[in-house]
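Mapping to numbering that gives the first Met the number 0: the sequence shown position 124 is 123, numbers consecutive.
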Amino acid sequence: MSRIYGAIAVSKILDGGVDTGCQGSVELPEVAFATQDFAGPGIMGTIALPSAGQFEDMQTTINTRGISADVLRLHQPGTHELELRFKQSTFMAGSGSALRLGKAFLTGEYVSGSLGSVETGAVAEGSAVYAVHRMQLLDSDGSELMLIDKFAHQYRVLGEDHGADIYDGLD
């Protein structure tokens, strides 16, 4: 069945299970494998290949609007358990348009942030940046779309475990 994804209709950001009331946006982490350069006989120069089970640094940024206790909660040092809930407009052939729920769970350490500027007639646009070590994305039916947990050595995409064979037999 054909499905077209549209704009995010609404979203909510929770930190430690508490609604932050933050009306901003969230830039989800980039997922990039760590690479290793190979050179030698049979290779014309060098080639960078992904290292099995190794990821580059993952960061997420929450862009905030305004200065308040809710926003400052996001700037506290330490580990943050972030939950993003959002509804996305979709159109499915045969059944029409609907709003689909999505969730993202991010665990990370507060790295840096900006509170924005104070200017008459302008919104104080700031940001909070986190070094993410766990990310889980869920579909509207609760099924897991992706899980990366750097400390637990887990890497699953659409239910397929891409990390199990790497650590198999090491116990």
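Every residue gets a Cβ at the ideal spot worked out from N, C-alpha and C, and that includes glycine.
All figures in this text were calculated on a predicted structure; none of them were measured in a lab.
Straight-line gap, residue i to residue j (C-alpha atoms, nearest Å)
i    : j    : result
F37  : A97  : 49 Å
K102 : G16  : 13 Å
R133 : I147 : 6 Å
S111 : A47  : 31 Å
G44  : S24  : 43 Å
G125 : S139 : 30 Å
P28  : E159 : 20 Å
Where residue i sits in the DSSP three-state scheme
i    : result
A68  : helix
M43  : coil
A151 : coil
S142 : coil
A31  : coil
S116 : coil
G158 : coil
D36  : strand
Residue i - containing alpha helix (DSSP H), residue span
i    : result
A163 : 163 to 166
Closest by C-alpha distance to residue i, when choosing among the options
i    : options                : result
F90  : E82, R99, Q135         : R99
L105 : T60, V156, F32, A68    : T60
D14  : E108, G41, A31         : E108
E55  : T45, T34, A47, L48     : T34
E118 : I66, Q58, I46, T19     : I66
E26  : Y129, F150, D167, A151 : Y129
F85  : L137, A68, T45, A51    : L137
R155 : G120, E143, A68        : E143
G149 : P49, M57, G93          : It should be noted that the sequence gives Lys, not Gly, for residue 149. The residue with the shortest Cα to Cα distance from K149 is M57.
L157 : T45, S24, Q135, D167   : Q135
V80  : V131, M145, G168, E159 : Checking the sequence, you will find Glu at residue 80 rather than Val. Taking only the C-alpha atoms, the option nearest E80 is V131.
C21  : P28, L169, S10, A31    : S10
A31  : P40, P49, G141         : P49
Limits of the unbroken beta strand (DSSP E) element including residue i
i    : result
H132 : 124 to 137
H79  : 78 to 91
L105 : 95 to 113
S24  : 24 to 26
Close Cβ partners of residue i (< 7 Å) along its chain, the five nearest in sequence each way excluded
i    : result
P76  : Y109
G162 : G52, H152, Q153, Y154
L83  : S10, I12, V25, K102, A103
Proximal residues to residue i (C-beta, below 6 Å), its chain only, five neighbours per side dropped
i    : result
I165 : A51, G52
A127 : I61, L73, H74, G112
Cβ shell of residue i (< 8 Å), same chain only, five flanking positions each side left out
i    : result
T19  : I12, L13, D69, V70, R72, L73
V122 : R64, G65, G115
Residue i beta carbon near the ligand GTP (any heavy atom closer than 7 Å)
i    : result
R155 : With respect to the ligand GTP, the structure shown offers nothing to examine, as it has no ligands at all.
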